[in-house]
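Asker: Count along the sequence shown from 1, add 6, and you get the number used in the working numbering.
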Amino acid sequence: MRILVQPTPDVVASLAASLLVARVRHQPDLVLGLATGMTMVPVYRELVLQQQLAAVSFARVRLFALDEYRGALPADLGSCRGFLDRHVLRPLAVGPAHIQMLDGRASDPDAECARYEDAIRAAGGIDVQLLGIGGNGHIGFNEPGSPFDSRTRVARLSEQTRQANAAQWGGSPVAVPADALTLGIGTILEARTCLLLAFGFGKAAAVAAAVDGPRTAEVPASALQMHGDVVCLLDEAAASQLAR
Ligand code: F6R
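1) With DSSP as the reference, label Glu74 as helix, strand or coil.
2) For Gly151, is the classification buried or exposed, using 16 other Cβ atoms within 10 angstroms of its Cβ as the cut-off for buried?
3) Do you know how far the Cα of Asp16 is from the Cα of Pro48?
4) For a test of the three-state rule: what should DSSP assign to Leu21, helix, strand or coil?
5) Determine contact between the segment 216-226 and the segment 137-152, defined as no fewer than three beta-carbon pairs at a distance below 8 Å.
6) If you count every other CB in all the chains shown that lies within 10 Å of the CB of Ser178, and 16 or more means buried, which is it?
7) Taking C-beta to C-beta, are Ala197 and Val100 nearer than 8 Å?
8) DSSP puts Val11 in a beta bridge; with which residues?
9) Let me check you understand the geometry: is the CB of Asp73 closer than 7 Å to at least one non-hydrogen atom of ligand 1?
10) Would you list the residues sitting across from Ile105 in a DSSP beta bridge?
11) If you draw a straight line from the alpha carbon of Arg66 to that of Pro115, how long is it in whole angstroms?
12) For the beta strand (DSSP E) containing Ala186, list its first residue and its last residue.
13) Please report the straight-line C-alpha distance between Ile132 and Leu26, rounded to a whole angstrom.
14) With a threshold of 7 Å on Cβ separation, who are the neighbours of Leu90 within its own chain once the five nearest residues in sequence on each side are excluded?
15) Are there any heavy atoms of ligand 1 lying less than 7 Å away from the beta-carbon of Ala41, as far as the coordinates show?
16) Taking its Cβ as the centre, do 16 or more other Cβ atoms sit within 10 Å of His93, making it buried, or is it exposed?
17) Looking only at its chain, what residues have a beta carbon closer than 6 Å to the beta carbon of Asp35, apart from the 5 residues adjacent to it on each side?
18) So which of Thr193, Ala22, Ala61 has the shortest CA-CA distance to Gly130?
19) What are the start and end residues of the beta strand (DSSP E) that includes Asp162?
20) Could you tell me which of Phe205, Glu74, Met107, Ser24 sits nearest to Asn148, measuring between CA atoms?
21) Is DSSP giving Gly275 helix, strand or coil here?
22) Let me check understanding here. Comparing Cα to Cα, which of Gly138, Val213, Gly110 lies closest to Asp5?
23) What residues are listed by DSSP as bridge partners for Ala204?
Okay, structure coming up:
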């Protein structure tokens with residue numbers, strides 16, 4: 007894993023955005039996996055800004071959402087679809103043909119997850135996967151205990167995650183859906199490059215466990231140690247418990 011530490015979240019976000027813009031310049035039909043969550047807000051803000059400044063077209067980029075809450079309506083503020091619409095898709099004017107999302111309301115969620123795996127395969131695989139990390143070490147919605155070879159599937163959210171994401175669902179953890187559809191860890195590990203971002207002291211222990219700790223299903227992000235091309239972009243607070 008390559009670890010890049012910057013003084014503030016804004017500098018990290020700017021660096022992440024410039025890496026992405028450079029990749030799209032090099033490969034205009036890049037397949038990009040998009041995460042949601044607070045970490046991604048400055049990243050997408052910078053991406054939109056830098057894409058305009060650099061005049062790099064994202065018209066051919068193909069996007070895949072990392073996850074979606076089960077039962078979430080597109081209009082729900084907390085839904086991943088709603089988040090991505092607001093922060094990336096509309097600002098970058100991405101057409102519907104270029105974005106794939108998991109349907110949290112699918113009547114057969116297992117079939118929906120299988121469809122998604124097929125869609126990723128048909129696109130030639132994910133070139134760059136953006137990832138945040140949960141305070142408990144989750145990536146996507148792969149909570150502690152998720153097998154490293156897991157595929158896209160329905161996963162149960164931990165109470166800690168529902169608590170952490172409550173603000174996006176009106177403030178109460180009970181309002182946060184109990185389940186989500188998520189790329190599996192095995193699916194994430196097939197992305198050619200993973201960019202893991204984390205900000206703040208609240209993520210420091212999870213980052214240290216993922217980077218320096220043993221590879222264990224109890225820390226889903228530690229699976230990234232097995233991947234040949236992972237870049238961890240951290241602010242100083244998130245890097246504060248690293249061994250190096
Ligand atoms: C979001 C996702 C999650 C978040 C993680 C961190 O699509 O898959 O793994 O990346 O929960 O969330 P924030 O950035 O809100 O701290």
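Ideal Cβ positions, reconstructed from N, Cα and C, are used throughout, including at glycine.
Answerer: Put simply:
1) Here Glu74 sits in strand by DSSP.
2) exposed
3) 7 Å
4) helix
5) yes
6) exposed
7) Cβ distance not < 8 Å, so Ala197 and Val100 don't count as in contact.
8) Leu240
9) Because some heavy atom of ligand 1 lies under 7 Å away, the Cβ of Asp73 counts as near it: yes.
10) Per DSSP, the beta-bridge partners of Ile105 are Leu69.
11) 29 Å
12) Taken as a continuous stretch (DSSP letters only), the beta strand (DSSP E) holding Ala186 covers 185-188.
13) Cα to Cα, Ile132 sits roughly 13 Å from Leu26.
14) Leu40, Thr42, Ala71
15) yes
16) buried
17) Arg66
18) Thr193
19) For clarity, residue 162 is Arg in the given sequence; the question names Asp instead. Segment 159-162, the beta strand (DSSP E) holding Arg162.
20) Glu74
21) There is no way to answer for residue 275, as the model of the chain reaches only from 7 to 250.
22) Only positions 7 to 250 of the chain appear in this structure, which leaves residue 5 out of reach.
23) Leu240
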